[in-house]
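Report on one structure; see the data block that follows.
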Amino acid sequence: MNPTITVTDQDDEQDADKVPARRMSLPGDPEDMLIDEACRELRLPAFRERFIDLAATARREQATYKQFLLDMLQAEQADRDLRRQQRLLRLARFPRPKRLEDFDFAKNPNVTPEVVADLKSPTWVREGRPLVLIGDSGTGKSHLLIGIGTAIAETGLSVRYTTTSALVNELAEADANRRLSSVIARYSKIDLLCLDEFGYLNLDRKGAKLLFQIFTEREERKATAVATNSPFTEWDKTFGDARLCAAIADRITFRCTLIQTGTDSYRYQTTQESLFPTAD
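Residue numbers are given in our numbering: position 126 of the sequence shown equals residue 126, and the series is strictly consecutive.
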């Protein structure tokens, strides 16, 4: 069943108080009015929206009371699952929508569809295993990162997307305001942290140490996915300190899934094809 819902920026309990965007007008039956009021009080928006329609269907098909109750419960469950998915996707803060179904594997031959398909399952996230995407700009790293994060959020796990520089700036600001512990604690609870543009900017020692704390808190407990254009051998340029670089690399790569997206820019190839289409 596909219940109609209203999307808000509140949590599930608050969402349940909202009146659905489309809803049947209640007839003058006092029982209908009482059911409507009870659904509002009990925060059952799918019940409230669909009970008249489902009751009519049950009467027409001569369904049993149990079947009618099951239909109502399944409608409410589907509605709550959908609202939870949407809430998790909002909280992930993806900069743009990207889905794995839209990834063009034909133009990215370095990426194995079977490996990517396995990453749609939440198993590796629950096991706290890292994911590393390495490749040049335009090879699909961010698409994969956001697409995988979206798939994981839709399984019901918490996901957060951010760039490395934005995360370091957030940590530095929290440190200056004596809120670092609470911010690190918040990031330590996220099931999957998607960290984009890793290695794009050189970090000073303080920034590298702040980032190191995030990896340490999440190590082998929560999953971290990193997209970078720098091979492992060049990470010392990002962090400056060789020991700190080795410690961070150790935490990111231990039991990790590595996907190398190559050097041929997918975006450049697509632009070339649009500007200079090949004749049939």
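Virtual Cβ for every residue (Gly too), placed ideally from N, Cα, C.
From what residue to what residue does the alpha helix (DSSP H) around residue i run?
| i | result |
| --- | --- |
| Tyr65 | Tyr65 to Ala92 |
| Ala58 | Pro45 to Arg60 |
| Thr150 | Lys141 to Ala153 |
| Arg186 | Leu180 to Ser188 |
| Arg115 | The identity of residue 115 in the sequence shown is Val, whereas the question assumes Arg. From DSSP, the alpha helix (DSSP H) with Val115 extends over Pro113 to Asp118. |
| Arg243 | Ala242 to Thr253 |
| Arg205 | Arg205 to Arg218 |
| Arg126 | Thr123 to Arg126 |
| Thr162 | Premise fails: Thr162 lies in the beta strand (DSSP E), Val159 to Thr163, not in any alpha helix (DSSP H). |
| Thr238 | Trp235 to Phe239 |
| Arg96 | First-last for Arg96: undefined, no H or E at that position. |
| Pro30 | Pro30 to Leu42 |
Closest to residue i by C-alpha separation, out of the options, would be which residue?
| i | options | result |
| --- | --- | --- |
| Leu88 | Lys141, Gly147, Val159 and Arg129 | Val159 |
| Phe47 | Pro95, Ala174, Glu76 and Arg60 | Glu76 |
| Lys120 | Ala225, Gly240 and Ile252 | Ala225 |
| Ile190 | Leu210, Ala249, Thr162 and Leu201 | Thr162 |
| Thr261 | Glu41, Leu82, Leu131 and Asp79 | Leu131 |
| Pro45 | Arg59, Ala55 and Asp79 | Asp79 |
| Lys141 | Ala56, Leu195 and Arg255 | Leu195 |
| Pro231 | Arg218, Ala55 and Phe198 | Phe198 |
| Thr228 | Asp175, Glu37, Ile252 and Arg186 | Ile252 |
| Glu217 | Met33, Ala176, Ala38 and Ile248 | Ile248 |
| Pro95 | Lys237, Gly147, Ser265 and Asp118 | Gly147 |
| Glu219 | Asp236, Glu127 and Leu42 | Glu127 |
| Trp100 | Gln85, Trp235 and Asp118 | Note on residue identity: the sequence assigns Leu, not Trp, to residue 100. If we check each option's Cα against that of Leu100, Asp118 comes out closest. |
| Thr257 | Asp250, Ser188, Trp235 and Arg129 | Arg129 |
| Asp250 | Phe215, Thr139 and Met33 | Phe215 |
| Ala106 | Thr139, Tyr187 and Lys237 | Thr139 |
| Asp175 | Asn202, Ser188 and Gln213 | Gln213 |
Under DSSP, the beta strand (DSSP E) around residue i begins and ends at which residues?
| i | result |
| --- | --- |
| Phe198 | Leu192 to Phe198 |
| Gln260 | Thr257 to Gly262 |
| Val132 | Leu131 to Gly135 |
| Val226 | Ala223 to Thr228 |
Given this structure, state the Cα-to-Cα distance separating residue i from residue j, to the nearest angstrom.
| i | j | result |
| --- | --- | --- |
| Arg93 | Leu193 | 11 Å |
| Ile5 | Phe51 | With a pLDDT of 32 at Ile5, under the threshold of 50, the modelled position of this residue cannot be trusted; read the value that follows with caution. Approximately 14 Å between the Cα atoms of the pair. |
| Asp136 | Gln67 | 56 Å |
| Pro109 | Glu61 | 52 Å |
| Gly156 | Leu73 | 19 Å |
| Lys222 | Arg178 | 25 Å |
| Leu70 | Asp104 | 41 Å |
| Glu173 | Trp124 | 32 Å |
| Pro97 | Thr263 | 24 Å |
| Arg255 | Leu54 | 50 Å |
| Ile259 | Leu180 | 32 Å |
| Glu37 | Val183 | 41 Å |
| Leu34 | Gln86 | 30 Å |
| Arg90 | Leu82 | 12 Å |
| Thr57 | Glu49 | 14 Å |
| Ser265 | Cys39 | 54 Å |
| Leu42 | Tyr187 | 33 Å |
| Lys237 | Arg84 | 41 Å |
| Phe122 | Ala246 | Sequence inspection shows Pro at residue 122; the Phe mentioned does not correspond to that position. In a straight line, the C-alpha of Pro122 is about 28 Å away from that of Ala246. |
Residue i and residue j look like a contact to me (Cβ under 8 Å); what is the Cβ gap, rounded to whole Å?
| i | j | result |
| --- | --- | --- |
| Val116 | Leu145 | About 11 Å; that fails the 8 Å criterion. |
| Thr233 | Tyr200 | So it is not a contact: roughly 16 Å between Cβ atoms. |
Taking one C-beta from the stretch 199-215 and one from the stretch 157-173 each time, how about it: are there three or more such pairs within less than 8 Å?
yes
Do three or more CB pairs link the stretch 232-247 to the stretch 137-155 at distances below 8 Å?
A contact between stretches requires three or more CB pairs, one per stretch, nearer than 8 Å, and the stretch 232-247 fails this requirement with the stretch 137-155.
When you compare the stretch 126-136 with the stretch 53-68, are there three or more beta-carbon pairs, one atom per stretch, that lie closer than 8 Å?
Segments in contact, no.
Does the pairing of the stretch 208-221 with the stretch 111-120 give three or more beta-carbon distances under 8 Å?
No: the two stretches stay apart, fewer than three of their Cβ pairs being nearer than 8 Å.
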